[in-house]
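**Q** The sequence shown begins at 1 in the UniProt record's numbering and counts up by one. Glycine residues also receive a C-beta, built at the ideal position from the N, C-alpha and C atoms. All of these numbers come straight from a predicted model, not from anything done at the bench. Before we start, here is the structure in question, set down as structure tokens.
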Amino acid sequence: MEGRINHNNVIVESIGNGAKDILEKVQHIQIVACGTSYNAGMVARYWFEALAGVSCDVEIASEFRYRKFVTRPNSLLLTLSQSGETADTLAALRLAKEKGYMAAMTIVTSQDLLLCVNLILRL
1 MEGRINHNNV IVESIGNGAK DILEKVQHIQ IVACGTSYNA GMVARYWFEA LAGVSCDVEI
61 ASEFRYRKFV TRPNSLLLTL SQSGETADTL AALRLAKEKG YMAAMTIVTS QDLLLCVNLI
121 LRL
């Protein structure tokens, strides 16, 4: 991420095609993850809220899958996964797209996740 993100700037083109248009509209970020990736999401929540001023919720992927939820307008789903193959995370990602999330973003480049997302943040 060095050279792409700093305290004052994000080079959005490094995230993916159309990232600027999507990220300018984001009003809420929903992070879904399992295990230690969930813990990383809890840290990321503070960064998004403090640095970007965007509300953020973090949820264990299996809980996200099985509850009834309301999709907030202009919400971005962010999946965190070390392997990119966690079944609950993949299922939550597919569900979020069905429920109207404007985009989905991942930090892992596994083939399964790549097929479901609009944006990729390569670390």
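1. In this structure, does DSSP put Glu-59 in helix, strand or coil?
2. Give me whichever residues DSSP pairs with Ile-31 in a beta bridge.
3. From Ala-61 to Leu-90, what distance separates their C-alpha atoms?
4. Let me make sure I understand the geometry here. Which of Ser-81, Ala-40, Glu-49, Arg-65 has the alpha-carbon closest to that of Gln-27?
5. Of the choices Ala-44, Ser-55, Leu-95, whose alpha-carbon is the least far from that of Lys-68?
6. Round the Cβ separation of Phe-64 and Ala-92 to the nearest angstrom and send it over; I've been treating them as touching at under 8 Å.
7. Exposed or buried, Leu-76, counting other C-beta atoms within 10 Å across all chains shown (16 or more means buried)?
8. Thr-36 by DSSP, collapsed to three states: which one?
9. Which same chain residues end up closer than 6 Å to Thr-86 when comparing Cβ atoms and leaving out the 5 residues on each side of it in sequence?
10. Note down the Cα distance separating Leu-123 from Val-70, rounded to an integer number of angstroms.
11. Any idea what DSSP makes of Phe-64, helix, strand or coil?
**A** Reading off the structure:
1. strand
2. Val-58, Leu-78
3. 8 Å
4. Checked all of Ser-81, Ala-40, Glu-49, Arg-65; the closest Cα to Gln-27 is Glu-49.
5. Leu-95
6. 5 Å
7. buried
8. helix
9. Closer than 6 Å at Cβ, skipping near neighbours: Cys-34.
10. The predicted position of Leu-123 is uncertain, since its pLDDT is 46 and thus under 50; a value taken from the coordinates is nonetheless stated next. Their Cα atoms are separated by approximately 31 Å.
11. Look at Phe-64 here: in three-state DSSP terms it is helix.
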